[in-house]
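Chemist: Here's a structure for you.
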Amino acid sequence: MPKLIRLYITQVAWGFVISALFVGVLLALNVANLRGLIFGSEIGLIALAMIWFMNGIVFAGVQFAYAIMSMAEKPQGPRRGTPIAAEFEPARVAVDKG
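Under the numbering used here, the first residue of the sequence shown is numbered 97, with each subsequent residue one higher.
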């Protein structure tokens, strides 16, 4: 299996694990009475699965993007550029008094 595909699969799996933790915290803290709504409804498990899956898509995308962007090479050498002008002085403008 190519390394990029393996990286994608592992990062997506981590995203769904983070989503499960996030939904668990939402239910534990009972944010917006979510726990009562989910456990008090006959289709609460479907709602719970949808919340987990939709958040999983978001967290998986963020996780994969972070993994890819962190693979970039660090810049070598000085971080500062050379100054464009050593000193600033006002420019003289000719005015026609006519």
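Here a beta-carbon is modelled for each residue, glycine too, at the ideal position from N, C-alpha and C.
1. Output yes or no for whether 8 Å exceeds the beta carbon distance between Phe118 and Ala156.
2. Can you check whether the CB of Ile134 is closer than 8 Å to the CB of Ala124?
3. Name the residue from Met165, Ser115, Phe160 and Val127 whose alpha carbon lies nearest to the alpha carbon of Ala145.
4. In whole angstroms, give me the CA-to-CA distance for Glu169 and Thr106.
5. Which first and last residues belong to the alpha helix (DSSP H) in which Gln172 is found?
Modeler: On the basis of the supplied data:
1. On the sequence shown, position 22 is the one that residue 118 refers to. On the sequence shown, position 60 is the one that residue 156 refers to. Taking 8 Å as the Cβ cut-off, Phe118 and Ala156 do not qualify as a contacting pair.
2. By 1-based counting over the sequence shown, the position of residue 124 is 28. By 1-based counting over the sequence shown, the position of residue 134 is 38. No, Cβ-Cβ distance for Ala124 and Ile134 is not below 8 Å.
3. Within the sequence shown, the letter at position 49 stands for residue 145. The shortest C-alpha separation from Ala145 is found at Ser115.
4. By one-based count along the sequence shown, residue 169 stands at place 73. By one-based count along the sequence shown, residue 106 stands at place 10. The straight-line gap from Cα to Cα measures roughly 22 Å.
5. Locating residue 172 in the sequence shown gives position 76, where the first residue counts as 1. From DSSP, Gln172 is part of no alpha helix (DSSP H); its letter is neither H nor E.
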